[in-house]
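Visitor: 509 is the number that the UniProt record's numbering gives to position 509 of the sequence shown; each next residue is one higher, with no gaps.
For every residue, glycine included, the Cβ atom is placed at its ideal position computed from N, Cα and C.
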Amino acid sequence: MSVEPDLCLYNMTLQRSSSLVASLIGNFEGNKSQQEVVRATGSTIELWKLNSSTGKFYRVLIHDVFSIVRNVAKFRNTGSHQDYLLITSDSGNLTLVKYDKEKKDFVTLSNEPYYKTGSRRLSPGDYVAIDGKSRACMVASIEKTRFVYTFKRDSDGSLSMSSPIDASKSKLLTFDVCALDVGFENPLFAAIECNYGDYENSKHKKDIQIKKTLSYYELDLGLNHVVKKYTETLDQDSNFMLSLPGGIDGPSGFLLCSENLIQYKYLSKMTHCLPIPKREDNKDAPTFIVSGIVHKMKRTFFVLLQSNFGDLYKISFDFDPQDSDETNGEGGAVNSIEISYFDSMPVCNSLVIFKSGFLYGACENGDHYIYQFEKLGDDPDQITWKSGEYPDDVAAIEEKAIFNVKPFDNIAFIEISENLNPVIASNLYNPGTVEELPTINAICGSGSRSSFKSLKSELSYTEIVSSELPSQLMNVFTTKFNRSDKYDKLILLSFLEATLILSVGETVEEVSDSGFLSDVSTLCLQQIGESSTVQIHSNGMIQIVFDGENSEKKIEWFPPAGINILAAACNNSQVVIALSNREIVYFEVDEFDRLIEYEERKELSAQICSISVGEVSPGKQRFPYFIAGCRDSTITIISTDPESTLDSISVETLSSIPSSLLIMDMVDKYYTTSLDESNEGDGEDNLSDAAINKSTYLHIGMESGVYARLKFDTRTGELSEPTNKFIGPKALKLSFVKLMGQNVVAICSTKVFLGYTGSKSGLSLTPLAHPVFGGICSFVSEDCPVNGILGIHENNLHIMTVDQLDNDFVIDSIGLRYTPRAMVDNSEDSGLVYICEGEFNIQSPFIEIDDEEVDTKNGEIVTSEYDQELHAYYQQFGYPYKSGFSGSCLQVIDVKSREVVQTIELLNDEVAFRISKVVFESNSDNSYIVVSTAVKLKMDSNTSDETYLRVYKIEESGSLSFVHKTKTGYLSLAVTEFQGHLLCGMKDVLTMYDLGIKQLLKKSVTKIDGFNEIVDIKSQGFRLSLSDNRNSVKFVVYKPLEKLFIPFIDDIVQRYTTSTVFLDYRTVLGGDRFGNLWVLRCPEDESKLADSDSHGMTLINKEGFCNGSPYRFQNECKFYIQDIPTSFSRGSLIAGGSESVFYTGLQGTIGVVTPITSKSDYHFFQTLQKLVAQNYDNLTERDNLKYRSYYSPRRCVIDGDLVEKYLDLPFDKRDAIAVKMELSPEQINKRILDMRSRIVY
């Protein structure tokens, strides 16, 4: 007998983690002329491309692997033009992957089991090094374990791996591994290691000095055995290795990087040493190399290295090249190497150089950037340091190599790739208007590259040009002159009583001799036949026949006297006109481009308000039906077949008047990997019509604001598979556009939506970014060959392109000074957000004691100016390093104007950590901002000289004015308003304050037993949810008569809690530092007992259980999301959507959990989840249940990401699952999409 859960949640990821494991460039599609980038995040593999003509970097594919990706490397089989991937993960398998052009996806070639599941220090996979000729690889763990594999091809030609050769050694730590390019000699690997055996076994550990070593490992291909060939002692700070090309391309060997030192190393060659140049203002700071890239050119190469401060260095080699690509891959002897300062950019996880001259910086934190090389740093006056000047490493380390930073010189900034990692905090803001969508406001980034980001579930567009016109526009149309024309020739702008005709050429300009009528309002415009165009207006229709680009003759048609045209629809061979007397006039085009009117007219039962006819399929003469919508809320399907012309097939009743109809084909599955041939491999992706399945749909826009889509069977005229969505409170207007090779429906209302086939669902309805366009149509020209659209907004015409349909969010950013710590989102009241920021070990450039605005008494500098140039400078170069010093400030952000309206810089190394808005009961006329700060905080010992609570009054303008500050015993990491007071968590003490004249006044102090550090406080009524950084959550009830806080229930599991949110009065949802979501619920009887006693004596006298509170939570749900939750917000992203909980993760994840409210839904998704898990081909073969139960078993949470993979399964697997569930695939699709539509568009 099944047990029904009290609560079941449906989890869905809206945006994946953007924290990168690695970025690789290669020919993953097998096209020699096109390079792609593979980005590996914690749980996804992504394929990206660069348009070299525009510099746009765009995502082609994202593949969920449902496992923890630990490392990724690329290799290429001999004789192949395609690069393959080698992936290590927590699945315990070593995975070989390639990109399949036919499936448009990554596919697994081989999964070689090599260790237990999970990520441990003994699990190989943290380091992967592949031989220069892709013959072998070394896979190593942090400690002990090290395997070597060889690649081979089986008899059928498939690629596989040999059994592992064990090269493990106990008590050995590995810091880095690289493979040397030795040609076709035995593969050689180098590793930075440390043996701690002597230290562990010694009784006098203080006397033992652990040394790092550099070891060379050779794989003997003949004996199939790994030998340690040579070992030497290294500097203790050695941290990074970069392999160099060998043979005819380079000298082989590698660069070994340590603190302030770079060395060239190879077994049989001389070692060369170089210092790492330092900035003038960071000359005393330790400098390390954290990333690097080798770029090969014809018979030469160069190296770019990046320091921990973001400075790029170019390493050049003077070596004796080999004459031919011999078997010996050692290359020639190195005579010297030299280093020079190249440029500065944010610190990167990976650097990627394209052959087309672009540099992609995958930054550790914040946004990613695309740069273009202007030159290669070969200026003759460039300061260089040569290895010949330094006989050994000591001489190089002692060298004072100093340089001054400079604005971009060798590279030029091209584009930003928005990135959320890390997300410190967030909040869901709902503006409450139909024109504005809910927004996720988040504080992200670190250091000088921190930012405040607003995220909207919208599609962005690139505006090419906009033009103001004399009056309000009603509609916009484009047309060609001939069927064979590649580009549009005319734009017609329809006003209330006129039409403006514009010609499209090298420029867009008004024409007066086009043959079209300009004194009428155009209802419809269509190119018909071979060389004709019809313009339909309320009083008639005009057909213009073109000879080349000149109008040859005009043919006019008029309705009966006193009758007007209300609606019209056309395709290339049919014209349908709806008259005001409820009649429909039908025309067809003959072989001479003549419009032939059908002898009879069709009369409907009510006035016609909308009409549509589909496009004619290739090889056909006509579309078999047209559909008319009437004011009695019906639609009539009418035949155009010659044997039954204008016969009514069926009449369907709607819930509202159909204001607009549109019949068009849509693809059944989303693809983005077919290249536009016209752009020769560099353009945006487009769909190949011959390679995909399409279906015909009827799109209905109603006056009530409801949009409906129904599948239209063109053989029988039947409608099926209805999908409904409320768009807005205004009548809808539909139009056809062509974007990314797809037929897309544009829905204009109080907001513009684009309907298309998305990758995450069948039909995706996504809003288009502002402004709200009143009409939209496709546009194709020489300057805008793909993805172009025209939009009209009031009296403005906009020409733009939509470059990507499957975007998750549109992100707007505002730069901040320091790493954000917390924020107060006051957008609903004043449109302002208050943020506290702090940074350690820097010399703040914003503190000038002589400044007139310095308030030394209160320890702050207040300014309302925002220097954009100064911010951009420090965003590129960062702040000067200074150990033991810090910078901190409060900033007020105007969300609407996207400006920093006030900055309060704190002095004396005082750093702000938490912030809260409070309305004190004793002074309810004003609102206050309270900030918790610490002076000279030491992070290692978590101690500080002093801690304060600073109080600021919010003025009418929204700016802050200092009131006073109160000294406290400990730093408060949780501050919130509670019952007209300020409530703070300091260590394990809960303190309540009221507002005093000169300082805050203590009203209550309560020690919370069993807690270490209170990090989060949430309240509901007189009940509190207290979160501890080690000991989960406690519910505390406040008794105002006694002014007591009484803990009455806690958890049975230690959880390292980060944030929580109340789901209801008894239930709390929380997250911890290990990436888990969980729901705790207080039993109903215990909840009532806690509220029943006004004085709390019953709870006080109740005996505790196991040194804790007297009662325990029930654990309702558990789920692993592989990111650290930082914030939870309740609300909805869509109009009329069900309330859900949105969460953000530290690494940039945005997700949502929503309750499953019916038993039927629970059983349906539970069964579907199980069947999809059995049929989904995971790249790494990681079991989904084990993955989602990483630390504790998954409980009562449906994995929506896995459920939606049903939509991507092959048809045979989908049918098999449908049979087992006794449903049709269409019914399963609908229920999946209905669940998604409750949460997001």
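Of all the options C348, D1009, S53 and T1058, which has the alpha carbon lying nearest to the alpha carbon of F1045?
Guide: For the residues C348, D1009, S53 and T1058, the minimum Cα distance to F1045 belongs to D1009.
Visitor: So what does DSSP say about G1137, is it helix, strand or coil?
Guide: Three-state DSSP puts G1137 in coil, outside helix and strand.
Visitor: Where does S1160 sit, in a helix, a strand or coil, going by DSSP?
Guide: Correct three-state label for S1160: helix.
Visitor: As a quick exercise: from I192, A708 and G791, pick the residue whose alpha carbon is nearest that of N475.
Guide: Checked all of I192, A708 and G791; the closest Cα to N475 is G791.
Visitor: Rounded to the nearest angstrom, what separates N419 and D367 at their Cα positions?
Guide: If I take the Cα positions, the gap works out to 4 angstroms.
Visitor: What span of residues does the beta strand (DSSP E) with H871 cover, start to end?
Guide: Careful: H871 lies outside any beta strand (DSSP E), inside the alpha helix (DSSP H) at Q868 to F877.
Visitor: Give the secondary structure of R1188 by DSSP, where H, G and I count as helix, E and B as strand, and everything else as coil.
Guide: Three-state DSSP puts R1188 in a helix.
Visitor: What are the start and end residues of each continuous beta strand (DSSP E) run of 3 or more residues lying completely inside the stretch 61-136, in chain order?
Guide: Correct list: 69-76, 83-89, 93-100, 105-113 and 127-130.
Visitor: Taking Cβ positions, are D909 and S886 nearer each other than 7 angstroms?
Guide: Yes, the pair counts as a contact, with Cβ atoms nearer than the cut-off.
Visitor: Do E600 and G55 have their C-beta atoms within less than 7 angstroms of each other?
Guide: In this structure, G55 does not lie closer than 7 angstroms to E600 by Cβ.
Visitor: Taking DSSP's pairing of strands, which residues face S764 in a bridge?
Guide: Looking at the DSSP assignment, S764 forms a beta bridge with Y756.
Visitor: Run through DSSP, which three-state label would Y1206 get?
Guide: If DSSP states are grouped into helix, strand and coil, Y1206 belongs with the helices.
Visitor: How about the stretch 261-272 and the stretch 342-355: do they share at least three Cβ pairs that are nearer than 8 angstroms?
Guide: The answer is no - the stretch 342-355 does not touch the stretch 261-272, with fewer than three Cβ pairs under 8 angstroms.
Visitor: How long is the line joining the alpha carbons of V504 and E468, rounded to whole angstroms?
Guide: Each residue's alpha carbon lies about 17 angstroms from the other.
Visitor: Thinking C-alpha only, which one of D647, M666, G629 and N572 is nearest Q621?
Guide: Closest option to Q621, Cα to Cα, is N572.
Visitor: CA-CA distance, Q263 and Y881?
Guide: Using only the alpha carbons, I get a separation of about 25 angstroms.
Visitor: Nearest CA to the CA of W557: which residue from N564, G540, D547 and F546?
Guide: Checking every option, the nearest Cα to that of W557 belongs to G540.
Visitor: Which residue's Cα is closest to the Cα of D940: F840, L960, V963 and G1021?
Guide: Checking every option, the nearest Cα to that of D940 belongs to F840.
Visitor: Terminal residues of the continuous beta strand (DSSP E) containing A190?
Guide: Counting along the chain, the beta strand (DSSP E) containing A190 begins and ends at L188 to N195.
Visitor: Cβ-heavy atom distance between P275 and the ligand MG below 6 angstroms?
Guide: In terms of ligand content, the structure shown is empty, and the ligand MG therefore cannot be addressed.
Visitor: So if DSSP puts K694 in a beta bridge, which residue, or which two residues, is it bridged to?
Guide: Partner(s): V667.
Visitor: Tell me which residues share the same chain as I577 and place their Cβ nearer than 6 angstroms to its Cβ, disregarding the 5 neighbours each side in the sequence.
Guide: Here the set comprises I565, A568 and V585.
Visitor: Let me know if P767 comes out buried or exposed under the rule of 16 or more other beta-carbons within 10 Å of its beta-carbon.
Guide: P767 is buried by the Cβ-count criterion.
Visitor: Tell me where the beta strand (DSSP E) around M1221 begins and ends.
Guide: Unbroken run through M1221 is the alpha helix (DSSP H), F1211 to M1221; no beta strand (DSSP E).
Visitor: Can you list, in chain order, the residues of its chain whose CB lies under 6 angstroms from that of C363, leaving out five sequence neighbours each side?
Guide: If we look at C363 and ignore the five residues flanking it on each side, its Cβ neighbours are P346 and C348.
Visitor: With a threshold of 8 angstroms, are at least 3 pairs of Cβ atoms found where one atom belongs to the stretch 1160-1168 and the other to the stretch 452-464?
Guide: Flag = no, the stretch 1160-1168 and the stretch 452-464 do not touch.
Visitor: Whole angstroms is fine: what's the gap from Y313's alpha carbon to Q382's?
Guide: Going by the C-alpha atoms only, they are around 12 angstroms apart.
Visitor: Between which residues of its own chain and R32 is the CB-CB distance below 8 angstroms, once the five residues before and five after are set aside?
Guide: The sequence given here places Lys at residue 32; Arg does not occur at that position. If we look at K32 and ignore the five residues flanking it on each side, its Cβ neighbours are H81.
Visitor: State the Cα-Cα distance for the pair R153 and P113, rounded to the nearest angstrom.
Guide: Distance between the alpha carbons of R153 and P113 is about 18 angstroms.
Visitor: Should L490 be labelled buried (16 or more other beta-carbon atoms within 10 Å of its own) or exposed?
Guide: By the 10 Å Cβ count, L490 comes out buried.
Visitor: Tell me where the alpha helix (DSSP H) around D829 begins and ends.
Guide: It spans S827 to S830 - the alpha helix (DSSP H) in which D829 sits, taken as one unbroken run.
Visitor: Alpha carbon to alpha carbon, how far is N51 from E684? Give it in angstroms, no decimals.
Guide: Below a pLDDT of 50, predicted positions are generally treated as unreliable, and E684, at 40, falls in that range; no measurement from the model is reported.
Visitor: If we count the other Cβ atoms within 10 Å of its Cβ and call it buried at 16 or more, is P187 buried or exposed?
Guide: Flag for P187 reads buried.
Visitor: Got a sec? Which residues, its chain only, sit under 6 angstroms from F978 by beta carbon, not counting five neighbours each side?
Guide: S1019.
Visitor: Going by beta carbon distance, what residues of the same chain come within less than 6 angstroms of T1006, once the five residues before and after it are set aside?
Guide: Within the same chain, T1006 has close Cβ partners L990 and F1045.
Visitor: Going by CA-CA distance only, name the one from L9, T1126 and I1052 that's closest to G1108.
Guide: G1108 has its Cα closest to that of I1052, out of L9, T1126 and I1052.
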